[in-house]
Amino acid sequence: MKKVKIAVLVSGGGTNLQALIDAQKSGIITSGEIALVISNKKDAYALERAKAAKIDTATVLRKECADSSEFESRIISLIDGAGCELIVLAGFMSILSEGFTSYYRDRIINVHPSLIPSFCGQGFYGLRVHEAALAYGVKVSGATVHFVNEIPDGGKIIMQKAVEVKDGDTPETLQKRIMEEAEWRILPLSCEQVCKNILENK
Ligand code: GAR
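Position one of the sequence shown corresponds to residue -19 (this note's numbering), numbered consecutively onward.
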């Protein structure tokens, strides 16, 4: 069966990448296959996870590029060179320009660790999202997978899952619960759904 080639963009630990790799192995993802993992940090542990799963990796460092346009065109060359049709942002901590997002319209998805439109947009990433949720005092948070457009965290929502905030939570305990109960589940499911749609609309 033909599969959609997926490029996963990462910056850190790569637990969401691991969830995608595991979902591919367990048959939750059947319409796509991860063909390439690109990191913008050279020591990202996500790269080790990709190598362990025998997936091609590449690193593009912003500081080694003259400007953000060169940074993005290098990423585009890698994605297009590998024939990838879907891009998954899995903890990729760099905002992509409108030029990039419009070039891949409806072909980039992102996982965000809150229920959008809460605690999202510029400046809300990683632990900061959970710090903001706890400071506000919400009793429910969660995760969202959405398409990426020119507005940070502003594209069409694909899936969301709510997670309870517990008394005594720290940003770290809330982050862990949201990853386990929401992100690692809805990212693979969304990925399969989008790949299936791409195949059906060919
Ligand atoms: C995840 O919680 C992801 O939702 C978040 O960063 C973490 C990456 O962890 N992404 C954002 O905040 C994007 N705005 P991982 O590297 O272990 O997958």
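Glycine is no exception: its CB is placed at the ideal position from the N, C-alpha and C atoms.
Exercise. Look at the alpha carbon of S(-9) and the alpha carbon of N20, and state the distance between them as a whole number of angstroms.
Key: The straight-line gap from Cα to Cα measures roughly 6 Å.
Quiz item: Thinking just about the alpha-carbon of each residue, which of C100, A46, A62, V118 is nearest to the one in V143?
Solution: For the options C100, A46, A62, V118, the alpha carbon positioned closest to that of V143 is the one of V118.
Quiz item: Out of H110, I88, L167, G148, which has the shortest C-alpha to C-alpha gap to S98?
Solution: That would be H110, whose Cα lies nearest to the Cα of S98.
Quiz prompt | Closer than 7 Å to chain B by CB, R108 | solution = The displayed structure is made up of one protein chain only, and chain B is not part of it.
Quiz item: Per DSSP, what kind of secondary structure is N90 in: helix, strand or coil?
Solution: The three-state reading of DSSP puts N90 in strand, counting E and B together.
Exercise. Under 8 Å Cβ to Cβ from A62, same chain only, skipping five residues before and after it: list those, please.
Key: For A62, where only same-chain residues beyond five positions count, the Cβ hits under 8 Å are K(-15), A(-13), A15, L16, D36.
Exercise. For the beta strand (DSSP E) holding T124, just list the boundary residues, first then last.
Key: Taken as a continuous stretch (DSSP letters only), the beta strand (DSSP E) holding T124 covers 120 to 127.
Self-check item: Assigned exposure category for L27 - 16 Cβ within 10 Å defines buried
Solution: It is buried - the Cβ of L27 has at least 16 other Cβ atoms within 10 Å.
Quiz item: Taking 6 Å as the cut-off, does the CB of G63 come closer than this to any heavy atom belonging to ligand 1?
Solution: No, the beta carbon of G63 sits no closer than 6 Å to any heavy atom of ligand 1.
Quiz item: Enumerated in chain order, which unbroken segments of the alpha helix (DSSP H) with a length of 4 residues or greater are wholly contained in the stretch -8 to 56?
Solution: Counting only unbroken stretches of 4 or more residues, the alpha helix (DSSP H) elements lying wholly within the stretch -8 to 56 are -5 to 6, 25 to 32, in sequence order.
Quiz prompt | Whether V125 touches I89 by CB criterion (7 Å) | solution = Yes, Cβ-Cβ distance for V125 and I89 is below 7 Å.
Quiz prompt | Through-space distance from E180 to S11, alpha-carbon basis | solution = Using only the alpha carbons, I get a separation of about 10 Å.
Practice problem: Express the C-alpha separation of Q102 and L95 in angstroms, rounding to a whole number. | Solution: Looking at the two C-alpha atoms, the distance is approximately 15 Å.
Practice problem: Go to V174, then tell me how far its alpha helix (DSSP H) extends in each direction, as first and last residue. | Solution: V174 -> alpha helix (DSSP H) spans 164 to 180.
Practice problem: Taking 7 Å as the cut-off, decide whether the C-beta atoms of K141 and A162 are in contact. | Solution: Against a cut-off of 7 Å, the Cβ pair of A162 and K141 comes out as a contact.
Quiz item: Just reading off the beta strand (DSSP E) that V143 is part of, what are its end residues?
Solution: 137 to 144 is the extent of the beta strand (DSSP E) around V143.
Quiz prompt | Where L69 falls: helix, strand or coil (DSSP) | solution = In the structure shown, L69 sits in a strand (DSSP, three-state: E or B).
Quiz item: Excluding five sequence neighbours on each side, which residues of the same chain lie with their C-beta closer than 7 Å to the C-beta of I18?
Solution: Taking C-beta separations shorter than 7 Å and ignoring five residues to either side along the sequence, the partners of I18 in its chain run A(-13), L(-11), A38, V40, I55, L58, following chain order.
Self-check item: Length of the line joining the Cα atoms of K(-18) and Y84
Solution: K(-18) and Y84 have their C-alpha atoms some 21 Å from each other.
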